[in-house]
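Those letters in the sequence shown? Residues 181 to 254, by this note's numbering.
Take a look at the structure set out below.
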Amino acid sequence: MKILYVCNEYPPEPHGGLGVFLKNLAEGLVQKKHEVFVFGYYERLNKSVIENIKGVNIIKFPLPYKEKDFLSLI
Numbered sequence: 181m182k183i184l185y186v187c188n189e190y191p192p193e194p195h196g197g198l199g200v201f202l203k204n205l206a207e208g209l210v211q212k213k214h215e216v217f218v219f220g221y222y223e224r225l226n227k228s229v230i231e232n233i234k235g236v237n238i239i240k241f242p243l244p245y246k247e248k249d250f251l252s253l254i
């Protein structure tokens with residue numbers, strides 16, 4: 181099965197409980213032969229990054245806007 185999660189705090193990025201929970205879940209599903217993807221936007225990035233950590237495919241994109249720009253849209 182192919183599984184996609186959306187999370188912007190997947191380790192080793194700065195993370196909290198959600199990131200740790202998702203990491204454990206995703207790695208467990210990979211061990212059961214599922215194909216797992218994690219997609220998220222990250223503030224510190226300037227360009228997209230695709231990496232594989234312990235079998236989990238992680239797709240990181242830079243934020244399409246900065247917080248200041250977002251507030252001006254409102």
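Where is the CB? At the ideal position from N, CA and C, for every residue including glycine.
Residues bridged to residue i [DSSP beta-bridge criterion]
i	result
ASN237	PHE217 and ASN232
VAL186	PHE219
PRO242	TYR222
Distance, residue j Cα to residue i Cα
i	j	result
LYS213	GLY235	10 Å
CYS187	TYR221	8 Å
For residue i, the nearest candidate out of the options (CA to CA)
i	options	result
PRO191	ILE183, VAL200, SER228 and ARG224	VAL200
LYS182	ASN204, GLU193, PRO194 and LEU209	LEU209
Same chain, Cβ closer than 6 Å to residue i, neighbours up to 5 away in sequence not counted
i	result
PHE217	LEU184 and ASN237
LEU243	TYR221 and GLU223
Cβ pair residue i, residue j closer than 8 Å
i	j	result
GLU189	GLY196	yes
Other residues of its chain near residue i: CB distance less than 7 Å, five sequence neighbours each side excluded
i	result
LYS240	GLY220, TYR222, LEU225, SER228 and VAL229
LYS203	TYR190 and PRO191
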